[in-house]
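Notes follow the structure.
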Amino acid sequence: MRAVAKYGALTTLGSVVLSALVAAPADGADATTSAAHGVVRAAQRAATAGIVFGACPKAEQLPDPIVCGTVEVPLDYTEPDGRTISLTVSRVPASGSPERRQGALVFNPGGPGASGMYFPMAAEVPHWKRIAEAYDLIGYAPRGVGSSAPLSCEDPADFVKAPTQSPVHPSESYKRERVAEAKAYAQGCARAGGAALPHYNSLNNARDLDVLRAALGEQRLTFMGASYGTYFGALYATLFPSHVGRMVFDSAVNPDPEQIWYRNNLDQSVAFERRWEDFRTWVAKHDATYHLGTDAEAVRQSYERVRAGVAHKPAGGKVGPGQLQAAMLGAGYYDDYWPTRASALSEYLKGNQQPLIDQAAPRPAAAAQSENASAVYTAVECNDAPWPTDFAVWDRDNTALARRAPFETWDNAWMNLPCAYWPASPQRPAEVRTRPGQLPPTLILAAERDAATPYEGAVELHKRLAGSALVTERDAGTHGVAGGANACVTAYVEDYLLHGKTPVRRADCAPHAEPDPVSPESADRLAELHRRHNPAPRV
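Each number in the working numbering corresponds to the 1-based position in the sequence shown with 7 added.
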């Protein structure tokens, strides 16, 4: 896929155990029951200890008045008195009057592998002002990410080596090279992770949320998860329904156990092909600015000229087809990238390579962060569910898919291929589902043309979370709907978080305005903060 916190009072032990048994991983009900007991024990300790907030580490690059602390969680919830790991947490207090404060709002930006430590900075974003007046904004780095027991699978310098290739129809020899790389990467994760490796998974991310809830002193969790954050947020709602206050699921992963994660990635490649065409259609509409072609096919041909150029002679010695494709993939996530990406292609064809180098060349300063994000992404997705272990299956499925969706198919496959050779035994995906009356109303947000989390996932989550409401931004595809410039979406989010109001079941919003072809990249959105602090796109 490509593509917080502190809490409080506990319900009874029996309630937690019964709700946790809704989802049984591969090692069965006994282990699930044991893990549920472990969550209770860890949450009790966290509620007593709380989080001591102070100055943030310089590495987080967070401005005052944001403060930081840590919370201890078990590495293995079936052994709550065994090894623990520290999760880093960030906080800015609610800016409104004390009587208006509604508690803590915990945020996860997705990934797997992304850090939400930057989230309190959203207090300065205009679209978040009223929410920041009512809630403490809480960010955190999930297990394995950043300073939270960081996981690494290879030397960061090797991870960002460039230039690289990105064939849309790879040769047999190229496939053999990538299979060898995937095996080596999986082995590197095994060496680095050791006995801890299986414990980087979505069920533990959900359990960590409840410990964080307790540490924050919150009886019920108010949570916003974006992208992958919607998946383990939905697991949390399934495991701990009595601990749910308000939950926003922004750009939802399809939680069907049959989709986690191999099929979700195939579906994602199809959706990126559609979004790639949206970008090219927009560029063609503004041919007077970019001169890349007057229809989507002509723009594609211009792109192929750039691809051929950097394959022959990498731009700046670092931007080859792999780096070009990764940069253009960003346009599939966020349409406010469209002007800068189109301009880079246009300038390259005029003989000016610098804009493309600026946008696509690896940044050595971000190498460790990018490698860490990739390691956690891989570990979580490989641990969460079984994957095909025979490359022939991957070859068959992706060869067929690349005929109709060449833009992202094989790059997506290579990113996930270590899961075919993963050293840890995978879990069986949990069944996300709640019964009528189990949860308070929850809010799901989705863009109809989202590529990273195709719209069908939001519809599926809506079916599985009883009492949820689905707000759709029609004919739009930016990944991450909340906190943007769509006043209709903002109104629904505010009504929900501030007043607990949701549509009856579904509501539609018109699309936000298309980007201006000559405007600078938007910088007033939560998504922009995420991009700055998490340079590698994820779910």
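Ideal placement from N, C-alpha and C gives every residue a C-beta, glycine not left out.
Here the structure is a predicted model, which means the values were calculated and not measured.
What's the gap between the Cα of A514 and the Cα of H486?
The straight-line gap from Cα to Cα measures roughly 18 Å.
Using a 10 Å radius around the Cβ and a threshold of 16 neighbouring Cβ atoms, would you call S178 buried or exposed?
Exposed, because fewer than 16 other Cβ atoms sit within 10 Å of the Cβ of S178.
Provide the residue(s) that pair with I92 in DSSP beta bridges, ordered along the chain.
Bridge partners of I92: V80.
If you drop the 5 nearest sequence neighbours on each side, which residues of the same chain put their C-beta closer than 6 Å to that of Y462?
The residues are A453 and E455.
Pick out whichever of R48, E521, R348 and N379 has its Cα sitting closest to the Cα of R214.
It is R48.
Can you check the region 120 to 154 for any alpha helix (DSSP H) of at least 4 residues that lies completely inside it and give the ranges in chain order?
For the region 120 to 154, whole alpha helix (DSSP H) runs of length 4 or above, ordered along the chain, are 136 to 141.
Alpha carbons only, please: which of Q330, Y503, E106 and P72 is nearest the one belonging to P369?
Cα-wise, what sits closest to P369 is Q330.
With 16 as the cutoff for other CB atoms within 10 Å, does N541 come out buried or exposed?
Buried, since its Cβ has 16 or more Cβ neighbours within 10 Å.
Sort E131, L336, G57 and A427 by Cα distance to P413 and report the nearest one.
Considering only alpha carbons, the answer is L336.
Would P433 and A392 be called neighbours here (beta carbons separated by less than 7 Å)?
In contact: P433 and A392 (Cβ atoms closer than 7 Å).
Please report the straight-line C-alpha distance between N212 and R282, rounded to a whole angstrom.
Rounded to the nearest angstrom, the two C-alpha atoms are 30 Å apart.
Looking at Y269: is its Cβ nearer than 7 Å to the Cβ of A386?
Cβ distance not < 7 Å, so Y269 and A386 don't count as in contact.
Where does T485 sit, in a helix, a strand or coil, going by DSSP?
It is coil, neither helix nor strand.
Taking C-beta to C-beta, are P170 and K325 nearer than 7 Å?
Yes, the pair counts as a contact, with Cβ atoms nearer than the cut-off.
Measuring straight from C-alpha to C-alpha, what distance separates G146 and V113?
Rounded to whole angstroms, G146 to V113 spans 6 Å at the Cα level.
Report the residue ranges of all alpha helix (DSSP H) runs contained in full by the region 433 to 521; include only those spanning at least 4 residues, in chain order.
With a minimum length of 4 residues, the continuous alpha helix (DSSP H) runs that stay inside the region 433 to 521 are 462 to 471 and 494 to 506.
Am I right that G484 and V132 are in contact with their C-beta atoms under 8 Å? What's the rounded C-beta distance?
Between V132 and G484 the Cβ distance is about 21 Å, and since that is not below 8 Å, they are no contact.
If you check the beta carbons only, do F279 and G201 fall under 7 Å apart?
For F279 and G201, no; Cβs fall outside 7 Å.
Exposed or buried, what is S258 when buried is set at 16 or more other beta-carbons lying within 10 Å of its beta-carbon?
Counting Cβ neighbours within 10 Å, S258 comes out buried, since at least 16 surround it.
Have a look at S475 and R512 and give me their C-alpha separation to the nearest angstrom.
Rounded to whole angstroms, S475 to R512 spans 7 Å at the Cα level.
Under 7 Å Cβ to Cβ from G103, same chain only, skipping five residues before and after it: list those, please.
Excluding residues within five positions, the ones whose Cβ falls inside 7 Å are E140 and A141.
As a quick exercise: from A203, T229 and V546, pick the residue whose alpha carbon is nearest that of I109.
For clarity, residue 109 is Gln in the given sequence; the question names Ile instead. For Q109, the nearest C-alpha among the options comes from T229.
Could you tell me which residues DSSP pairs with C75 in its beta bridges?
In the DSSP output, where bridge partners are listed per residue, C75 has G61 and S97.
How is the alpha helix (DSSP H) around N272 delimited, first residue to last?
Here the alpha helix (DSSP H) through N272 covers Y269 to K292.
Touch check for the region 149 to 159 and the region 407 to 423: three-plus C-beta pairs under 8 Å?
Taking 8 Å as the limit for Cβ pairs, the verdict is that the region 407 to 423 does not touch the region 149 to 159.
What's the C-alpha gap between R307 and E415?
The straight-line gap from Cα to Cα measures roughly 14 Å.
At what residues does the alpha helix (DSSP H) containing F256 begin and finish?
Looking at the DSSP string, F256 is not in any alpha helix (DSSP H); the run it does join, the beta strand (DSSP E), is V251 to D257.
Sort out for me which residues DSSP pairs L112 with in a bridge.
BP columns for L112 point to L144 and T229.
Just the Cα atoms here: how many angstroms apart are E161 and A191?
When rounded, the distance between both Cα atoms is 9 Å.
Per DSSP, which residues does V326 bridge with? Please list them.
Answer is A322.
Return the chain-ordered list of same chain residues with a C-beta closer than 6 Å to the C-beta of V561, the five sequence neighbours on each side being excluded.
With the chain represented from 8 up to 546, any question about residue 561 goes unanswered, as that position is not in the structure.
Should N423 go down as buried or exposed, given a rule of 16 or more other Cβ atoms within 10 Å for buried?
Classification of N423: buried, given that the 10 Å Cβ count is 16 or more.
For the region 39 to 53 and the region 77 to 90, state whether three or more C-beta atom pairs, one from each stretch, are separated by less than 8 Å.
Touching, per the Cβ criterion.
What do you reckon, are the CB atoms on V439 and P157 nearer than 7 Å?
Cβ distance not < 7 Å, so V439 and P157 don't count as in contact.
Beta-carbon separation of L446 and P248 under 7 Å?
In this structure, P248 lies closer than 7 Å to L446 by Cβ.
Considering only the alpha carbon of each residue, which of L69, R98 and A164 lies closest to P371?
The shortest Cα separation from P371 among L69, R98 and A164 belongs to A164.
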